[in-house]
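S.K.: Numbering (the working numbering), first residue to last: 1225 to 1374.
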């Protein structure tokens, strides 16, 4: 069994509305509570980082699956939305919605379009982050698959 270890160093100054800094290799940034939650909004925050982890993991997984299946992709873009609920002071990440847009090369077949749609669904179930938060966060997918004009 192969294992990979990732490390993060963090510091924080102040109370609830203080700020901190994280260093996790290539990720180095200031952190605080977001302004939407009455925080100072310095740097990023856990909500954005969770959404970023889920989105990038999904996107990388989808790109790899499309490549392995020889699907002729011209462009792969995505927007993701995270929905956080606060109820009686308890903050819960409820839903993450991925909206991938897959543009296939001109001349792509109907079979390739169908395969791309299937892989968009499969990538969500296969992504490491999606599997890690499964049962705690509802994952939704709204795919847009089209063929590039000639």
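Ideal Cβ placement from N, Cα and C applies to all residues, glycine included.
Being a predicted model, the structure only gives us computed values, none of them experimental.
Between residue 1328 and residue 1288, what straight-line distance do the alpha-carbon atoms span, to the nearest angstrom?
M.R.: Straight-line Cα distance between these residues: approximately 15 Å.
S.K.: Would you kindly check if the distance between the Cβ of residue 1336 and the Cβ of residue 1295 is under 8 Å?
M.R.: Yes. Within cutoff.
S.K.: Taking all protein chains shown into account, do 16 or more other C-beta atoms lie within 10 angstroms of the C-beta of residue 1324, making it buried, or fewer, making it exposed?
M.R.: So residue 1324 ends up on the buried side.
S.K.: Which one of 1250, 1263 and 1261 has the shortest CA to CA distance from residue 1230?
M.R.: Comparing Cα positions, the closest option is 1250.
S.K.: Could you check if residue 1298 belongs to the surroundings of the ligand SAH, using beta carbon to heavy atom distance under 7 Å?
M.R.: Among the components modelled here there is no ligand, and therefore nothing to report on the ligand SAH.
S.K.: So what's residue 1350 in DSSP terms, helix, strand or just coil?
M.R.: Three-state result, residue 1350: helix.
S.K.: With a threshold of 8 Å, are at least 3 pairs of Cβ atoms found where one atom belongs to the stretch 1276-1290 and the other to the stretch 1352-1360?
M.R.: Taking 8 Å as the limit for Cβ pairs, the verdict is that the stretch 1352-1360 does touch the stretch 1276-1290.
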